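35 is the number that my numbering gives to position 26 of the sequence shown; each next residue is one higher, with no gaps. Here a beta-carbon is modelled for each residue, glycine too, at the ideal position from N, C-alpha and C. Since this is a predicted model, take the numbers as computed values, not measurements. In what follows, a single structure is set out as structure tokens and then discussed.
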Amino acid sequence: MTTESFRRRGTALEDEFFHRVDQRLAEKLRAKWKHERDVESLKRESHFTDTKVVEELLAAGITPGTLQAMMLVPHITVAWANGFVEDKERDAVMHAAQSVGVVEQSITGQLLAAWLQHKPGPELFAAWRDYISALKDVMHPDTFGHLRQTTLQKTQEIAKAAGGVLGIHTVSQAEQTVLDLIEQSFNAA
Numbered sequence: 010m011t012t013e014s015f016r017r018r019g020t021a022l023e024d025e026f027f028h029r030v031d032q033r034l035a036e037k038l039r040a041k042w043k044h045e046r047d048v049e050s051l052k053r054e055s056h057f058t059d060t061k062v063v064e065e066l067l068a069a070g071i072t073p074g075t076l077q078a079m080m081l082v083p084h085i086t087v088a089w090a091n092g093f094v095e096d097k098e099r100d101a102v103m104h105a106a107q108s109v110g111v112v113e114q115s116i117t118g119q120l121l122a123a124w125l126q127h128k129p130g131p132e133l134f135a136a137w138r139d140y141i142s143a144l145k146d147v148m149h150p151d152t153f154g155h156l157r158q159t160t161l162q163k164t165q166e167i168a169k170a171a172g173g174v175l176g177i178h179t180v181s182q183a184e185q186t187v188l189d190l191i192e193q194s195f196n197a198a
């Protein structure tokens, strides 16, 4: 083998090595950019500002759509507790939906509107309970506690939205039963 031939093969080996390194670096960079976009998207959709919390949500497989559904199922269940949805409850649910990034014209917004007009079956709440139970196993306790507290606070606001007579009994017995079920779901998880 001549020196020139040896040099060309060495150069080809070097080029191939750096090409592979460049490919791996480019893949890592693309993955990093995607992760950063996902974090920003979930921050925007969830209104959570703590990057650590958002990264834990992503690591648990929670996307903006999943988070919206997770947050809204208890709201819908409370709104329907008395067998019908009052206008103030509907407004409170829509306000809560907007707070987690649901736009009325989006698919999630349209689904929510349908749920407010036609009561979803009990399997929706059962699926939510199962999801919460699984979520507790993959989420940091502080993050899970934050989601629990946020959900309980918002559902309480929805239950109180209709008011009651003269401000007395602002939460009906049926609504309190649903609120208790939601809290039990988090505690049992």
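Proximity to residue i [Cα-Cα], best of the options
i: Q77; options: G92, V109, V62 and E65; result: V109
i: R99; options: Q126, Q158 and S115; result: Q126
i: T152; options: A183, W124, V63 and M79; result: V63
i: W89; options: L156, A183, S194 and Q193; result: A183
i: A197; options: W137, E132, T20 and R16; result: W137
i: F134; options: E95, P150 and P83; result: P83
i: W124; options: L156, E113 and I85; result: I85
Supposed close pair residue i, residue j - CB separation, criterion 8 Å
i: K97; j: G172; result: 7 Å
i: T164; j: V87; result: 5 Å
i: T117; j: G74; result: 6 Å
i: I191; j: L161; result: 7 Å
i: I141; j: S194; result: 5 Å
Range of the contiguous alpha helix (DSSP H) that encloses residue i
i: T186; result: Q182 to A197
i: G74; result: P73 to A88
i: D100; result: D96 to S108
i: T11; result: That residue, T11, is in no alpha helix (DSSP H); it is neither H nor E in DSSP.
Residue i at chain D interface by Cβ criterion, 8 Å
i: E64; result: Protein chains in the displayed structure number just one, and chain D is not present.
Going along the chain, which unbroken runs of the alpha helix (DSSP H) with 4 or more residues stay wholly within the region 125 to 183? 131 to 147 and 150 to 170
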